[in-house]
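S.K.:
Residue numbers (our numbering): 5 to 257.
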């Protein structure tokens with residue numbers, strides 16, 4: 005049975021200021037697949053996630069990216085999100101003065117409007133977010149607080165998974181979602197991520213360490229070094245990297 009490509013990256017090149025970071029990157033992710041991207045510090049993994057989401061300051065110098073068959077690079081960051089791309093950030097942004105519930109309601113309704121769906125009223129939204137929040141240990145008091153302000157690392161990550169569960173993207177980039185989590189928080193976050201795996205939802209999991217992949221088991225693992233993928237394999241490759249490290253993939257400067 006043939007698979008439907010969701011994200012197709014061909015010979016992507018990008019730089020920050022005058023430094024080339026991504027150098028001929030190729031990757032295809034089909035519907036329902038989970039890919040893990042692993043590599044040493046400074047390899048440019050987060051640069052890739054920022055380029056895919058359209059963050060300012062990153063210049064694409066070559067290649068193409070198609071999402072659901074559409075030219076992703078021509079879209080605004082807002083339209084990329086509306087089309088179904090979600091970024092779970094390594095360091096979620098704090099927004100003082102904006103209640104978490106208000107932020108989430110506007111985000112949900114913006115996506116519903118884009119897809120010609122009726123917007124949720126306040127009661128419908130609160131019912132949905134409370135139901136999803138209970139699964140992730142996000143209580144109603146937490147949702148009333150300003151977005152991410154004063155939240156612990158674990159709370160911020162739980163909230164991001166809550167955002168993902170109510171926005172229902174078709175593709176998520178998980179940029180070091182395990183950073184700063186203790187083992188209990190990691191299990192809760194992983195359970196929330198795995199609950200979204202329905203055969204259509206796809207993910208790119210960016211991480212340094214294998215421990216996250218014990219809970220969110222990938223279909224494919226890729227080693228990212230010197231701006232492109234240098235080796236690919238199944239979940240066993242992550243175990244090999246945990247044992248041997250990245251030394252063989254890092255070029256001497």
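Note that the Cβ used here is the ideal one computed from N, Cα and C, for glycine as well.
1) Does DSSP put residue 254 in a helix, in a strand, or in coil?
2) Leaving out five residues on either side along the sequence, give the residues of the same chain with a beta carbon under 7 Å from the beta carbon of residue 19.
3) Rounded C-beta distance between residue 39 and residue 217? I'm assuming under 8 Å.
4) Please specify which runs of the alpha helix (DSSP H), each continuous and at least 4 residues long, are wholly inside the region 169-228, giving them in chain order.
5) Could you tell me which whole alpha helix (DSSP H) segments of length 4 or greater appear in the region 8-71?
6) Go ahead and pull the three-state DSSP assignment for residue 232.
7) Would you kindly check if the distance between the Cβ of residue 220 and the Cβ of residue 227 is under 9 Å?
8) For the candidate residues 210, 184 and 148, whose alpha-carbon lies nearest to that of residue 156?
9) Counting beta carbon pairs with one atom in the region 91-99 and one in the region 174-190, are three or more of them shorter than 8 Å?
10) Ignore the nearest five residues each way along the sequence and tell me which others in residue 257's own chain have a CB closer than 6 Å to its CB.
11) One question on the structure: do residue 100 and residue 164 come within less than 9 Å of each other, judged by their Cβ atoms?
12) Residues in its own chain within less than 8 Å of residue 190 by CB, not counting five upstream and five downstream?
13) Going by DSSP, what residues sit across from residue 150 in a beta bridge?
14) With respect to the alpha helix (DSSP H) encompassing residue 129, which residues constitute its N-terminal and C-terminal limits?
15) Consult DSSP for residue 249 and reduce its assignment to one of helix, strand or coil.
M.R.: Per the coordinate set shown:
1) Residue 254: coil per DSSP, three-state reduction.
2) Leaving aside the five residues that flank residue 19 on each side, the residues in its chain whose CB is nearer than 7 Å to its CB run, in chain order, 25, 63 and 65.
3) The distance from the Cβ of residue 39 to that of residue 217 is about 11 Å, inconsistent with a contact at the 8 Å cut-off.
4) Taking 4 residues as the shortest admissible run, the region 169-228 contains the following complete alpha helix (DSSP H) segments, listed from N- to C-terminal end: 187-198.
5) Scanning the region 8-71 for uninterrupted alpha helix (DSSP H) segments of 4 residues or longer gives 49-57, listed from N- to C-terminal end.
6) When DSSP states are grouped into helix, strand and coil, residue 232 belongs to the strand group.
7) Contact: no.
8) Considering only alpha carbons, the answer is 184.
9) With the rule of 3 Cβ pairs closer than 8 Å, the region 174-190 counts as touching the region 91-99.
10) Model confidence at residue 257 stands at a pLDDT of 46, short of 50, so the residue's coordinates are unreliable; what they give is reported in the following sentence. No residues qualify anywhere along the chain.
11) Not in contact: residue 100 and residue 164 (Cβ atoms no closer than 9 Å).
12) The beta carbon of residue 190 sits closer than 8 Å to the beta carbons of 182, 215, 216 and 219 from its chain, once the five residues preceding and following it are set aside; these are given in chain order.
13) Residue 150 pairs with 103.
14) For residue 129, the uninterrupted alpha helix (DSSP H) run begins and ends at 126-140, by DSSP.
15) Reduced to three states, the DSSP call for residue 249 is coil.
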